[in-house]
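Comments concern the structure below.
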Amino acid sequence: MTDRLTYAELAALMKNGAGITVDPSEMESRPGSAFEEYGLDSLGLLGIVAALENRYGRPLPADADRCRTPAEFLDLVNSNLVTGV
Amino acid sequence: MNTRTHRRSVITGIGVVAPNGTGAGAFWKQTQEGVSVLDLVTREGCENLPLRVAGEVREFDPVALIEERYLVQTDRFTHFAMAAADLALDDARLGRADYEDAPFSVGVVTAAGSGGGEFGQRELQRLWGQGSRFVGPYQSIAWFYAASTGQISIRGGFKGPCAVVASDEAGGLDALMHAARSIRRGTGAVVVGAAEAPLAPYSVVCQLGYEDLSTCEDPTRAYRPFTADACGFAPAEGGAMLVVEEEAAARDRGARVRAELAGHAATFTGASRWEQSREGLARAIEGALREAQCAPEEIDVVFADALGVPSADRAEALAIADALGAHGRRVPVTAPKTGTGRAYCGAPVLDTSAAVLAMEHGLIPPTPNVFDVCHDIDVVTGRARPTELRTALVLSRGLMGSNSALVLRRPTDTPG
Numbered sequence: 000m001t002d003r004l005t006y007a008e009l010a011a012l013m014k015n016g017a018g019i020t021v022d023p024s025e026m027e028s029r030p031g032s033a034f035e036e037y038g039l040d041s042l043g044l045l046g047i048v049a050a051l052e053n054r055y056g057r058p059l060p061a062d063a064d065r066c067r068t069p070a071e072f073l074d075l076v077n078s079n080l081v082t083g084v
Numbered sequence: 000m001n002t003r004t005h006r007r008s009v010i011t012g013i014g015v016v017a018p019n020g021t022g023a024g025a026f027w028k029q030t031q032e033g034v035s036v037l038d039l040v041t042r043e044g045c046e047n048l049p050l051r052v053a054g055e056v057r058e059f060d061p062v063a064l065i066e067e068r069y070l071v072q073t074d075r076f077t078h079f080a081m082a083a084a085d086l087a088l089d090d091a092r093l094g095r096a097d098y099e100d101a102p103f104s105v106g107v108v109t110a111a112g113s114g115g116g117e118f119g120q121r122e123l124q125r126l127w128g129q130g131s132r133f134v135g136p137y138q139s140i141a142w143f144y145a146a147s148t149g150q151i152s153i154r155g156g157f158k159g160p161c162a163v164v165a166s167d168e169a170g171g172l173d174a175l176m177h178a179a180r181s182i183r184r185g186t187g188a189v190v191v192g193a194a195e196a197p198l199a200p201y202s203v204v205c206q207l208g209y210e211d212l213s214t215c216e217d218p219t220r221a222y223r224p225f226t227a228d229a230c231g232f233a234p235a236e237g238g239a240m241l242v243v244e245e246e247a248a249a250r251d252r253g254a255r256v257r258a259e260l261a262g263h264a265a266t267f268t269g270a271s272r273w274e275q276s277r278e279g280l281a282r283a284i285e286g287a288l289r290e291a292q293c294a295p296e297e298i299d300v301v302f303a304d305a306l307g308v309p310s311a312d313r314a315e316a317l318a319i320a321d322a323l324g325a326h327g328r329r330v331p332v333t334a335p336k337t338g339t340g341r342a343y344c345g346a347p348v349l350d351t352s353a354a355v356l357a358m359e360h361g362l363i364p365p366t367p368n369v370f371d372v373c374h375d376i377d378v379v380t381g382r383a384r385p386t387e388l389r390t391a392l393v394l395s396r397g398l399m400g401s402n403s404a405l406v407l408r409r410p411t412d413t414p415g
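Protein chains in written order, with numbering that gives the first Met the number 0: chain R, 0 to 84; chain P, 0 to 415.
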């Protein structure tokens with residue numbers, strides 16, 4: 000496991016948790032695209048948040064499951080990991 | 000009866016996922032030949048439970064039929080319902096192009112008895128094995144008995160009236176009535192039916208409490224309604240979805256009208272009170288005949304509930320006689336579900352499908368594994384019976400006390 004959450008890891012979480020197949024490089028190249036455009040609904044994002052919290056052994060910020068885009072979500076998760084709150 | 004009954008509801012598509020076949024063609028071939036596919040239970044985790052014989056849907060590959068997101072987010076009972084809905088829509092030749100400009104004209108109605116047991120069990124095992132943080136969020140919707148209606152509606156883009164009927168096994172017939180009611184109120188088409196997946200360990204354990212469940216180990220003897228050896232029923236997976244449309248609209252778009260939903264009625268007589276179900280079922284039959292403006296003598300075939308419990312079988316035979324009079328002792332009665340098991344809410348929708356196909360083929364399918372009938376009704380046994388069929392009566396009862404009857408009519412302009 001790397002320190003920072005990558006687009007590839009996020010894509011894997013989307014596939015395992017919600018059955019959504021998405022190309023990580025496409026997510027990376029379209030930072031404005033919302034999760035919804037890839038077919039991930041709010042329950043799907045909630046599941047990814049829980050999976051990461053279980054993996055890291057600590058909670059993510061309360062608004063993590065309200066991130067609109069993958070880019071926003073990675074920023075939030077990774078800045079949270081860096082500050083180690 | 001109301002002034003809007005001129006908006007008649009007709010079946011234009013049949014989609015079957017049953018233990019004896021996927022698709023109406025495969026289902027009918029096995030059904031009319033009287034093939035029994037009841038067999039020892041092999042579903043994972045169920046092999047050593049006291050329920051030994053059931054109807055499993057074995058020739059079904061959800062991966063080939065259902066998109067991955069729905070495979071992950073929904074239970075097997077919803078996979079069955081989605082696949083059956085696709086088959087019904089294909090059969091009706093009702094495609095996205097037909098309704099994408101009017102998505103509010105198509106609704107969805109399903110009935111379900113047990114919901115998503117397999118999905119629910121997995122998540123509950125995570126809850127008690129690892130903790131609440133390991134329960135997936137899709138648990139909140141996947142095991143709910145309403146899941147299939149919602150997911151079919153989302154997947155197909157159907158924004159018309161959507162509903163879930165919770166009224167026991169008989170809910171399968173009540174769902175059809177609900178669809179007809181939506182159509183009377185102005186909806187153009189309804190994707191309607193029921194499919195169940197009760198062969199997961201948690202679900203089977205729940206069913207073991209039913210005193211009516213057969214625990215016989217011999218697939219040829221486990222489910223033999225109307226015989227002196229009746230020892231309960233064998234459960235099954237699967238079910239059927241139908242496309243029901245307003246008749247004039249269906250004809251306008253050139254759809255093949257398969258049968259009319261002519262009349263329906265439902266009653267309630269209490270859980271496991273089989274003796275009382277005699278009156279309840281008779282009243283349901285009378286109500287359905289009244290709505291269909293159908294005389295008892297016009298009924299050409301009865302698809303029986305056929306629970307396989309002596310007191311329930313007796314009550315059903317007497318109810319048929321009570322409601323149909325002398326005709327009740329002459330009319331052919333069949334229960335093809337003895338070859339597949341009872342798929343709870345899915346069972347009466349499978350029977351409705353079989354009744355439509357029987358009318359089209361002029362052939363009453365037999366009642367597999369039943370030979371020595373001990374009631375005063377004419378049960379079709381052994382092989383299919385060829386005869387002209389214009390009107391069929393489908394009966395269903397639930398273990399919790401629901402009784403329901405549906406009258407189906409062949410469309411008047413059908414050739415032959």
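Glycine included, each C-beta is placed from N, C-alpha and C at the ideal position.
| Quick one: does P/Glu-387 have its CB under 8 Å from some CB of chain R? | Within the second sequence, numbered from 1, the residue matching residue 387 of chain P stands at position 388. P/Glu-387 does not count as touching chain R.
| said: For a cutoff of 8 Å on Cβ pairs, would you count R/Gly-46 as touching chain P? | reply: To locate residue 46 of chain R, count along the first sequence from 1; it is residue 47. Yes, because at least one Cβ of chain P sits closer than 8 Å to the Cβ of R/Gly-46.
| Got a sec: is the Cβ-Cβ distance from P/Pro-200 to anything in chain R below 8 Å? | By 1-based counting over the second sequence, the position of residue 200 of chain P is 201. Taking Cβ atoms only, chain R never reaches closer than 8 Å to P/Pro-200, which makes this a no.
| message | Tell me the DSSP secondary structure of P/Pro-385 in three-state form. | response | Against the second sequence, residue 385 of chain P aligns to sequence position 386. P/Pro-385: strand per DSSP, three-state reduction.
| said: The beta strand (DSSP E) that contains R/Phe-34, what's its start and end? | reply: For this step, residue 34 of chain R is matched to residue 35 along the first sequence. Note, R/Phe-34: premise wrong, no beta strand (DSSP E); not H, not E.
| request: Pick out whichever of P/Ala-248, P/Tyr-137, P/Asp-85 has its Cα sitting closest to the Cα of P/Arg-183. | output: Here residue 183 of chain P refers to the residue found at position 184 of the second sequence. Measuring from the Cα of P/Arg-183, the nearest candidate turns out to be P/Ala-248.
| Excluding five sequence neighbours on each side, which residues of the same chain lie with their C-beta closer than 7 Å to the C-beta of P/Gly-415? | For this step, residue 415 of chain P is matched to residue 416 along the second sequence. Legend: pLDDT at P/Gly-415 = 39, less than 50; position of this residue unreliable, no value from coordinates given.
| query | In terms of residue numbering, what span does the alpha helix (DSSP H) encompassing P/Gly-22 cover? | reply | Along the second sequence, one-based indexing puts residue 22 of chain P at 23. P/Gly-22 -> no alpha helix (DSSP H), and no H or E assigned at all.
| query | When you check each C-beta in the segment 70-88 of chain P against every C-beta of chain R, which residues fall closer than 8 Å? | reply | Leu-70, Val-71, Gln-72
| said: Suppose the cutoff is 6 Å on Cβ atoms and the five residues either side in sequence are ignored; what does the same chain contact list for P/Ala-492 look like? | reply: Residue numbering for chain P in the displayed model covers 0 to 415; residue 492 of chain P lies beyond these limits and cannot be assessed.
| Whose Cβ in chain B lies nearer than 8 Å to the Cβ of P/Pro-136? | Here the protein chains are R and P, and chain B is not one of them.
| field | Interface flag, R/Ala-17 vs chain P, CB-CB below 8 Å | value | Stepping through the first sequence from its first residue, residue 17 of chain R is reached at position 18. Interface residue, yes.
| task | Take P/Gly-397 and list the residues in its own chain whose beta-carbon comes closer than 6 Å to its own, dropping the five residues that flank it on each side. | result | The residue you call residue 397 of chain P lines up with position 398 of the second sequence. Within the same chain, P/Gly-397 has close Cβ partners Asp-167, Glu-168, Ala-169.
| query | Using Cβ-Cβ distances below 8 Å, what residues of the segment 57-70 of chain P are close to chain R? | reply | Glu-66, Glu-67, Arg-68, Tyr-69, Leu-70
| request: Could you tell me which of P/Phe-26, P/Ala-17, P/Ala-91 sits nearest to P/Leu-356, measuring between CA atoms? | output: Numbered from 1 along the second sequence, position 357 holds the residue referred to as residue 356 of chain P. Here the closest residue by C-alpha is P/Phe-26.
| said: 8 Å is my cut-off, CB to CB: does R/Gly-38 come that close to chain P? | reply: Position 39 of the first sequence holds residue 38 of chain R. Yes, contact with chain P.
| query | Do the CB positions of P/Gln-72 and R/Gly-18 come within less than 8 Å of each other? | reply | In the second sequence, counting from the first residue as 1, residue 72 of chain P sits at position 73. In the first sequence, counting from the first residue as 1, residue 18 of chain R sits at position 19. Result yes, Cβ atoms of P/Gln-72 and R/Gly-18 sit closer than 8 Å.
| Quick one: what does DSSP say P/Glu-245 is sitting in, helix, strand or coil? | Taking the second sequence and counting its residues from 1, one reaches residue 245 of chain P at position 246. P/Glu-245 falls in the strand class under three-state DSSP.
| Check whether P/Val-330 and P/Val-300 have beta carbons under 8 Å apart | Within the second sequence, the letter at position 331 stands for residue 330 of chain P. Within the second sequence, the letter at position 301 stands for residue 300 of chain P. It is a contact, given that the beta carbons lie within the stated cut-off.
| request: For P/Val-379, count neighbouring Cβ atoms within 10 angstroms of its own Cβ and tell me buried if that reaches 16, exposed if not. | output: In the second sequence, residue 379 of chain P corresponds to position 380, counting from 1. That one is buried.
| request: Measure the alpha-carbon distance for P/Ala-111 versus R/Leu-80 and round it to whole angstroms. | output: Locating residue 111 of chain P in the second sequence gives position 112, counting from the first residue. Locating residue 80 of chain R in the first sequence gives position 81, counting from the first residue. One C-alpha to the other measures close to 45 Å.
| Mind checking if P/Thr-152 is an interface residue toward chain R, Cβ cutoff 8 Å exclusive? | The residue you call residue 152 of chain P lines up with position 153 of the second sequence. Sequence inspection shows Ser at residue 152 of chain P; the Thr mentioned does not correspond to that position. Answer no: the Cβ-Cβ gap between P/Ser-152 and chain R never drops below 8 Å.
| task | For P/Gly-143, return the contacting residues in chain R, with the cut-off set at a CB-CB distance below 8 Å. | result | As a first step, residue 143 of chain P is located in the second sequence; it is residue number 144 there, counting from the start. Correcting the residue identity first, residue 143 of chain P is Phe in this sequence and not Gly. Under the 8 Å cutoff, chain R gives no residues; its nearest Cβ is about 13 Å from P/Phe-143.
| task | Could you tell me whether the segment 212-222 of chain P touches the segment 28-37 of chain P, where touching means 3 or more Cβ pairs closer than 8 Å? | result | yes
| query | Any C-beta of chain R sitting closer than 8 Å to the C-beta of P/Arg-132? | reply | Against the second sequence, residue 132 of chain P aligns to sequence position 133. With 8 Å as the cut-off, P/Arg-132 counts as an interface residue toward chain R.
| query | Quick one: Cα of P/Gly-156 to Cα of R/Asn-15, how far? | reply | If you number the second sequence from 1, residue 156 of chain P lands on position 157. If you number the first sequence from 1, residue 15 of chain R lands on position 16. Each residue's Cα considered, the two are about 25 Å apart.
| task | Check whether the segment 95-113 of chain P touches the segment 146-161 of chain P, counting contact only when three or more Cβ pairs, one atom from each stretch, lie closer than 8 Å. | result | yes
| task | Evaluate the contact criterion for the segment 115-127 of chain P versus the segment 199-217 of chain P: three or more CB pairs, one atom per stretch, below 8 Å. | result | yes
| task | Could you spell out where the beta strand (DSSP E) holding P/Ser-395 opens and where it closes? | result | Residue mapping note: residue 395 of chain P aligns to position 396 of the second sequence, counting from 1. 390-396 is the span of the beta strand (DSSP E), which, as asked, contains P/Ser-395.
| task | Please determine, among P/Val-243, P/Gly-381, P/Pro-309, the residue with the shortest C-alpha to C-alpha distance to P/Gly-12. | result | Translated into the one-based positions of the second sequence, residue 12 of chain P becomes position 13. Closest by alpha carbon: P/Val-243.
| said: Residues of chain R with CB closer than 8 Å to the CB of P/Ser-403, please, in chain order. | reply: The residue labelled residue 403 of chain P in the question sits at position 404 within the second sequence. What P/Ser-403 touches in chain R: nothing, since even the nearest Cβ is about 35 Å away.
| task | Have a look at the DSSP bridge pairing and note the partners of P/Ile-363. | result | One-based indexing of the second sequence puts residue 363 of chain P at position 364. Answer by DSSP bridge pairing, in chain order: P/Arg-384.
| P/Thr-186 - DSSP class collapsed to helix/strand/coil | Taking the first residue of the second sequence as 1, we reach residue 186 of chain P at position 187. Correct three-state label for P/Thr-186: coil.
| query | What's the gap between the Cα of P/Gly-159 and the Cα of P/Ile-376? | reply | In the second sequence, the residue the question calls residue 159 of chain P occupies position 160. In the second sequence, the residue the question calls residue 376 of chain P occupies position 377. Each residue's alpha carbon lies about 42 Å from the other.
| Using a C-beta cutoff of 8 Å, does R/Asn-53 count as contacting chain P? | The count along the first sequence starts at 1 and reaches residue 53 of chain R at position 54. R/Asn-53 counts as touching chain P.
| request: Give the DSSP-derived three-state secondary structure of P/Arg-154 in the structure shown. | output: On the second sequence, residue 154 of chain P is found 155 positions in, with the first residue counted as 1. P/Arg-154 falls in the helix class under three-state DSSP.
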